[in-house]
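One structure is given here, and the rest of the page talks about it.
In our numbering, the protein residues as written are 6 to 179.
Next up, the structure:
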């Protein structure tokens, strides 16, 4: 698999910022891989949110459907499913301590450049909740409208994304 990931866009934050957008999705690749590391909120209990981007504008329509499995360190694992959301959440309420907080994960994105098909994604991540619970998530989501996606957009539901957070978008070589 060496050489099969081609970097499209990346951003390691030098200062706290309200949102991060990575663009550059084209018809060159059918599958994109998004990797994020050490993404920490500057506000306790913030939830990391995600939207697909269309030519510089985050898609905020109520067309995101999701199905997730939460793997928990404190209790029984949880299932979550929802339709008609205006975003996809990447984490629940997160710890904002730079020594122990943050989330790391991988999102595979399918069909973003096909205006005649839905854009699908799978998610695998891990984060530390504000109450100290370690959580992992696996699952998927779909933007259930046929549109051309050109990028991705991350933000917290409150506060900013801390400096040092890293985001990278890759094309998966055909």
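C-beta atoms are modelled at their ideal positions from N, C-alpha and C, and glycine is treated no differently.
These numbers were taken from a predicted model, which means no experiment stands behind them.
In this structure, DSSP gives residue 150 a state outside helix and strand, which the three-state scheme calls coil.
Shown here, residue 82 sits in coil according to DSSP, grouped into three states, outside any helix or strand. In this structure, residue 46 sits away from residue 160, with a CB-CB distance that is not shorter than 8 Å. Within 10 angstroms of the beta-carbon of residue 139 lie fewer than 16 other beta-carbons, which makes it exposed. Around residue 36, the same chain offers 113, 114, 115, 176, 177 as residues with beta carbons nearer than 8 Å, after the five sequence neighbours per side are excluded. In this structure, the alpha-carbon of residue 105 lies about 29 Å from that of residue 87. When only Cα atoms are considered, residue 12 and residue 136 end up about 36 Å apart. Our two residues, residue 42 and residue 16, have alpha carbons roughly 11 Å apart in a direct line. In the three-state DSSP reduction, residue 167 falls in the coil class, being neither helix nor strand. Per the C-alpha coordinates, the member of 73, 103, 56, 149 positioned closest to residue 127 is 73.
Residue environment analysis places residue 154 among the buried positions, since at least 16 neighbouring C-beta atoms fall within 10 angstroms of its C-beta.
The beta-carbon separation of residue 18 and residue 166, rounded to 6 Å, stays under the 8 Å limit for a contact. Residue 143 and residue 129 have their C-alpha atoms roughly 5 Å apart. Nearest to residue 29 by alpha-carbon distance, out of 9, 118, 68, 22, is 118. Under a 10 Å Cβ-count criterion, residue 170 is classified as buried, with 16 or more other Cβ atoms of the shown protein chains found around its own Cβ. Restricting attention to 174, 50, 10, 59, the CA atom closest to the CA of residue 107 is found in 50.
Sequence-distant partners of residue 25 (beyond 5 residues in either direction) whose C-beta falls short of 8 Å from its own C-beta, in its chain, are 16, 18, 158, 159, 160, 166, 170, 172. With a cutoff of 8 Å on beta-carbon distance, residue 67 and residue 91 are scored as near each other.
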